[in-house]
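Residue numbers (the working numbering): 6 to 216.
The structure under discussion appears below in the form of structure tokens.
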Amino acid sequence: MKRKEYSGQDITVGFDLGRCIHSRNCFLQLPQVFDPNQRPWVQPEQATVEDVAAVVRACPSGALTYRRKDGRNEQPPQINKVAVLENGPLVMAGDLSVEGGETQTRVALCRCGLSKNKPYCDNSHVDAGFVTTGEPAPKVPPSKDAQEGAVKVQRQPDGPLKVDGNIELCTGTGKRIAKLGMAYLCRCGQSKNKPFCDGSHKDAGFKDSPE
């Protein structure tokens, strides 16, 4: 789905509906700018550039982005983080490249196996009643001290997400699960060791090869 843009005098806000997980952060924090009941639903002129940019940065899925006229655009956080949401997706923040695409700072990735916009979450887990913990126990796999640097995310054919780069894997409430230099994370929804892949996609017959 093509990203739409809404331009103000000093900032342009981009929106990709296919990436939205309806967290409603934008409306709840700045309803005069982000209101689905108004047209256009994004009106950047109704608040300061700083306020608009701050709310966009709080969008967990990366559905919202911004481009400032003064060039002070969003920078990735110092620590690459992957958060495991209760009954929901993997939410990543960092210096990210998904399947060879342009660098991003925020993405929400499907782990129920049902998204129609894989590898991104499209909220299909809600209608499907996907149930899984967002508070998995801490793991002790091989770890690295570093947490910064570029991270590449790639679907493995009919298998897990390969996350290649330094990350801190956290529960939905921010507790550390592990610090890793590479991880294979479940995206079929069947692993008994979530958020890690345990090969269950094979027995489940999960099919989703990257195009």
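C-beta: ideal position from N, C-alpha, C; glycine also.
query                                                                                                                      : result
Exposure label - H27; buried when at least 16 CB within 10 Å                                                               : exposed
Extent of the continuous beta strand (DSSP E) run through V87                                                              : 86-89
Sub-8 Å separation of C17 and R72 beta-carbons                                                                             : Sequence inspection shows Thr at residue 17; the Cys mentioned does not correspond to that position. Result yes, Cβ atoms of T17 and R72 sit closer than 8 Å.
6 Å Cβ shell around E50 - same chain, five flanking residues per side excluded                                             : G13
Pairwise C-alpha distance: A113 and L69                                                                                    : 12 Å
Beta-carbon contacts of T110 that lie in its chain and below 6 Å, excluding the five residues immediately before and after : E79, P81
Beta-carbon spacing of C175, L190 below 8 Å                                                                                : no
Among D21, P45, D15, nearest to T53 - alpha-carbon criterion                                                               : D15
A133, DSSP secondary structure in three states                                                                             : helix
Close beta carbons around D169, own chain, < 6 Å, minus the five adjacent residues each side                               : K157, M187
DSSP state of L33 mapped onto helix, strand, coil                                                                          : helix
Touch test, the region 97-105 against the region 35-46, Cβ-Cβ under 8 Å, three pairs minimum                               : no
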